[in-house]
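Residue numbers (my numbering): 2 to 161.
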Amino acid sequence: MDKAEGAMESERVVDVGIRLRMRGEERRITVQHERLDGLCREVYIQIEKHGPGRIVGDYLLFMAVLEAHMKIEEEIYFPALHGLRADAGSELEDLIVEHLVLGEEALEVRDLLKANDRAGARVMLDRFARRLARHEAAEEDLIARITEGPVSDFGHSSLC
């Protein structure tokens, strides 16, 4: 094996390792999405139970969890996925743009909660939750397609 072949083989092994790691992370991301969805449902319930003004603090915690989750995706998961499939770059960019939209909508919900606008907060939170669910499904679908497909530019691996 010459130097170029050795470098390609080394790169292939790294890609396989990243793919295997991302398969494990795929479950972690799904669990995080489920937790975010559960927290969002809980906020919705608490709006009815206690009124919007009394749950602002809980909602701010939800926003912090959401922001941390999206930051991990953008700084760790998405670059790894892009490394496996450079052709997924535009889909990953779309997901990052969607993170910005979700952040803006989360702020709108916060403002409605602070204004004690029960009806407005419920409507906006419902809209936000639906967008979040679609976004999570798109992320999970992309991760599954990338981690289950052939290793980027190296054909099928005997390990996967």
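Ideal Cβ placement from N, Cα and C applies to all residues, glycine included.
With a threshold of 16 other beta carbon atoms within 10 Å, I147 meets it and is buried.
Under the DSSP assignment, E149 falls in the alpha helix (DSSP H) whose first and last residues are R119 to E149. For I73, the enclosing alpha helix (DSSP H) has its first and last residue at V57 to I73. Setting aside the 5 residues that flank it on each side, H136 is surrounded in the same chain by E99, each with a C-beta closer than 6 Å to its C-beta; the list follows chain order. Cβ-Cβ distances below 7 Å link A116 to nothing in the same chain once the five nearest sequence neighbours on each side are left out. Separation of the CB atoms of D38 and Q47 is rounded to 15 Å, and the pair is thereby denied contact status at 8 Å.
The criterion of a C-beta distance shorter than 7 Å is satisfied by I97 and E75.
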